[in-house]
Amino acid sequence: MIRYIAATGSLGYGFLEGTLEAAVAQHPDFIGCDAGSNDHGPNDLGAGIPHLGVATTMRDLRLLLIAARRARIPLIIGSAGGSGADVQVQWTLDILKRIATDEKLSFRLAVIHAEVPKEWVHKAAKNGRIKPLDSWWPQLDSETIEQTTRVVGQMGPEAFMQALQKGADVVIAGRSTDTSIYCSYPLLKGADPALAWHAGKIVECGAALAEHRIVPDSVMAEIGDDYFRVWSTNPDMRVTPQSVMAHTLYENGDPFLLVEPGCILDTSKSVYTAASAGGVEVRGSQYQRQPYTVKLEGARKAGFRAITLAGIRDPVLLADLNGFLESTEKRARSKIASVVGKDTAYQLKFRVYGYNGTLDDREPRRSEFSGYEVGLVIDAVAATQELANTVLSIARLTVLHNPVPRSHGFTTNVAFPFAPSDISVGQVYEWTLNHVVSLDDPLEIFPIEYHDVKTGTFGPKEH
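First residue of the sequence shown? That's 1286 in the numbering used here, and the numbers climb one at a time after it.
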């Protein structure tokens, strides 16, 4: 039997110290923690910045590192720094070094890189190894690759397994699938692949598998010969068959088939039951081997953004909100063209929350609108910050005093919550790679380096 802790949904989100202590007392074989996602959009990867702050990440990593070293079990971190690019892995390592020095800890460290050189991407694309993940994405061309600031691959479990096999006590890895973090150790120890993958999928977001996740927190899993069990060591968070089944669907396009590097997990025959020992037991999951592919993610600069927030509460205006927005945008674009030139490229968007701010033109209930107030976000993107600011200022002034047909006289249409009203957001990015690449070797683009850490002092790099 293999037992482990999933520390939290993402390193830096936090967990209760008491929950972690209770979990460690149940003799786990390792502690795992995801540290990233692309849910936040392309900015983190494109800019090479961490998604969370130093203080929250250091707090979580310190507690996990100390707990793992005291218990003499591995600590496995994936998608370090948010997007798992080299600069974010290094950011995480800098925090780890500070903790190891402060606490005078000794351990063998493995660092797994996931950033892929552009030269390699060019060659793989030319050889037909890279395909769009979804049908609406274009084929990858050389120009797009060159425009991309960073490319990362989502590693499977094999790189983690290699690091553990070579004696790593702590693994800090770049971009990886969430599930690979947790199934690597069980697979290395010979666990049923279907159970290892499915358990990893369930615990990947920590306490999100609970019926009501009150706070981000730790959970546990154990894998037996023909089952796996998941549970919380926080008595305030109940884990039920329904909540576990629900998390199988989380972030997955198919209710039963979960695609991972080199395999498909089939949960169509999985059975979820309340366990007498607590939590939920799962049986019947199936594993299908597939050609080995990993996802590639990349982002490029898309200009500079400026935004304004405003509120609209005028009932006369709201009675014909769509007409007001259409006339406002038309007038704004005409004014912008007269100032910056009709051939100058920019993007202008009016996002109206309480009306169609979330779904935009796909909102099916716009015709049913009957609210008394809406929130307006005016969003401008252009090649320079100065141009974005100019576009925004013209659009904002147009919204402020654009005539309302049923009103008579000069009107002020919106209220601004802040002064100054305009916010320069800065450089923004857009996705360029949402593709998969075929690999003959699961480690081909995921090099591993090792360091022996002695009472906080890092030894030379080994390969």
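All C-beta atoms in this analysis are idealised placements derived from N, C-alpha and C, irrespective of residue type, glycine included.
The model shown is predicted, which means the values in this text are computed figures rather than measured ones.
Extent of the continuous beta strand (DSSP E) to which residue i belongs
i     : result
K1746 : First-last for K1746: undefined, no H or E at that position.
D1551 : 1548–1551
I1316 : 1315–1319
Reduced DSSP secondary structure (H/G/I, E/B, other) of residue i
i     : result
Y1714 : strand
L1349 : helix
L1494 : helix
I1362 : strand
A1595 : strand
E1545 : strand
V1406 : helix
T1429 : helix
Q1424 : coil
I1466 : helix
M1522 : coil
H1686 : helix
L1728 : coil
E1648 : coil
T1643 : coil
R1344 : helix
K1411 : helix
P1471 : helix
R1691 : coil
L1603 : helix
M1286 : coil
L1337 : coil
L1296 : coil
F1654 : coil
Counted within 10 angstroms of its Cβ, other Cβ atoms place residue i as buried (16 or more) or exposed
i     : result
P1327 : buried
K1580 : buried
D1345 : buried
H1720 : buried
Q1373 : buried
N1607 : exposed
K1486 : buried
A1395 : buried
F1589 : buried
Y1535 : exposed
Y1657 : exposed
D1539 : exposed
E1611 : exposed
M1446 : buried
Q1439 : buried
H1532 : buried
Per DSSP, cross-strand counterpart(s) of residue i
i     : result
R1590 : V1666, G1711
D1737 : R1393
T1558 : E1566
M1440 : S1461
T1720 : According to the sequence shown, residue 1720 is His rather than Thr. Partner(s): P1417, L1581.
V1504 : A1291, S1517
Q1571 : D1551
A1700 : G1596
E1400 : V1437
L1661 : A1595, V1637
V1676 : DSSP lists no partner for V1676.
V1456 : I1361, A1395
Endpoints, the alpha helix (DSSP H) within which residue i is located
i     : result
P1417 : Taken as a continuous stretch (DSSP letters only), P1417 belongs to no alpha helix (DSSP H), being part of the beta strand (DSSP E) at 1415–1417.
K1382 : 1371–1388
V1488 : 1478–1488
F1609 : 1606–1625
L1632 : The sequence as given places Gln at residue 1632; Leu does not occur at that position. Unbroken run through Q1632 is the beta strand (DSSP E), 1631–1638; no alpha helix (DSSP H).
E1526 : Residue identity check: residue 1526 is Pro in the sequence provided, not Glu. Looking at the DSSP string, the run of the alpha helix (DSSP H) that includes P1526 is 1526–1534.
A1332 : 1328–1332
V1309 : 1302–1309
Proximity test, Cβ basis, 9 Å: residue i and chain C
i     : result
M1343 : Looking for chain C here will not work: only one protein chain is present.
Problem - Validate contact between the stretch 1491–1504 and the stretch 1526–1545 using beta carbons, cut 8 Å, 3 pairs - result: Because the criterion of three Cβ pairs below 8 Å is met, the stretch 1491–1504 and the stretch 1526–1545 touch.
Problem - Stretch-stretch touch, CB-based, cutoff 8 Å, three pairs: the stretch 1622–1640 with the stretch 1551–1563 - result: no
Problem - Contact the stretch 1674–1681 vs the stretch 1689–1709: 3+ CB pairs below 8 Å - result: yes
Exercise for the section: Specify whether the stretch 1352–1371 and the stretch 1440–1460 touch according to this definition: at least 3 beta carbon pairs, one from each stretch, less than 8 Å apart. Expected result: yes
Practice task
Spell out a yes or no on whether the stretch 1475–1486 and the stretch 1509–1517 are touching, meaning 3 or more CB-CB pairs, one atom from each, closer than 8 Å.
Solution key: yes
Handout entry: the stretch 1688–1698 / the stretch 1619–1628 touching (three or more Cβ pairs under 8 Å)
Key = no
Problem - Cβ contact check for the stretch 1291–1303 and the stretch 1404–1420: 3 or more pairs under 8 Å - result: no
Practice task
Report yes or no: do three or more beta-carbon pairs, one from the stretch 1647–1663 and one from the stretch 1585–1604, lie closer than 8 Å?
Solution key: Contact check between the stretch 1647–1663 and the stretch 1585–1604: three or more CB pairs, one atom from each, fall below 8 Å, which counts as touching.
Exercise for the section: Pair every Cβ in the stretch 1383–1397 with every Cβ in the stretch 1738–1745, then say whether three or more of these pairs are closer than 8 Å. Expected result: yes
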